[in-house]
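Numbering-wise, the numbering used here puts 512 at position 57 of the sequence shown, and it's gapless, one number per residue. The block underneath contains the structure these notes are about, expressed in structure tokens.
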Amino acid sequence: MAAERVFIVAGKEFTDHLSSRKFLVILALLLMLSLLGMHQGIDQYNRDLEVYNQQLQATGDTADPVGMMPERPSILIIFRQLESSLMVFGGVLAIATGADLVSKEKESRSLKTLLARPIYRDEIINGKALGGMT
456 MAAERVFIVA GKEFTDHLSS RKFLVILALL LMLSLLGMHQ GIDQYNRDLE
506 VYNQQLQATG DTADPVGMMP ERPSILIIFR QLESSLMVFG GVLAIATGAD
556 LVSKEKESRS LKTLLARPIY RDEIINGKAL GGMT
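Have a look at this one:
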């Protein structure tokens, strides 16, 4: 398998993705999911911070110095919410994008022309997958 042929197919696939309307719709969906996940994460962080401040005031009011300090919430809670929303919906969007890899070439009748060239099928598939990931 020649790496340069894989990169040629990957480059063509990448430029095809950037110019397609489907890619722009999926990119917009991912951006909306990211914003939604960040918003949910910020809300969760603010709620946890309120609980932390209430617990801190409750432990500060006691005269007994021996006590358990409440754990301060981490700012990474924001990204945890983002991660969970992307895990659920990102997989569905990846499948939707991947299903179009070869079918697009078949519909435009360029698959036969592509396969007539001195390039192996695995190089086409690997190049399309690499172009779709970048």
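Just so you know, even glycine gets a beta-carbon here, dropped at the ideal spot from N, CA and C. Since we're looking at a predicted model, the values are computed, not measured.
Three-state secondary structure (DSSP) of residue i
{"i": "E538", "result": "helix"}
{"i": "I481", "result": "helix"}
{"i": "E526", "result": "coil"}
{"i": "I497", "result": "helix"}
{"i": "R572", "result": "coil"}
{"i": "R460", "result": "helix"}
{"i": "A554", "result": "coil"}
{"i": "S565", "result": "coil"}
{"i": "L504", "result": "helix"}
{"i": "S475", "result": "coil"}
{"i": "L531", "result": "coil"}
Cα-Cα separation between residue i and residue j, rounded to whole angstroms
{"i": "H472", "j": "F478", "result": "6 Å"}
{"i": "M588", "j": "K561", "result": "20 Å"}
{"i": "I481", "j": "L548", "result": "7 Å"}
{"i": "L488", "j": "A551", "result": "16 Å"}
{"i": "R460", "j": "I574", "result": "7 Å"}
{"i": "P525", "j": "A513", "result": "10 Å"}
{"i": "R572", "j": "S565", "result": "11 Å"}
{"i": "D540", "j": "G553", "result": "According to the sequence shown, residue 540 is Ser rather than Asp. Cα to Cα, the separation comes out at about 20 Å."}
{"i": "G515", "j": "L484", "result": "46 Å"}
{"i": "Q510", "j": "A584", "result": "51 Å"}
{"i": "K559", "j": "S475", "result": "11 Å"}
{"i": "N508", "j": "L490", "result": "27 Å"}
{"i": "E538", "j": "K567", "result": "40 Å"}
{"i": "T470", "j": "L570", "result": "20 Å"}
{"i": "V543", "j": "L531", "result": "19 Å"}
{"i": "A458", "j": "G466", "result": "12 Å"}
Supposed contact pair residue j and residue i - C-beta distance, whole angstroms, cut 8 Å
{"i": "D503", "j": "P528", "result": "4 Å"}
{"i": "E468", "j": "G586", "result": "3 Å"}
{"i": "V464", "j": "G582", "result": "3 Å"}
Worksheet item: Does the stretch 484-499 touch the stretch 576-586, meaning 3 or more C-beta pairs lie closer than 8 Å?
Response: no
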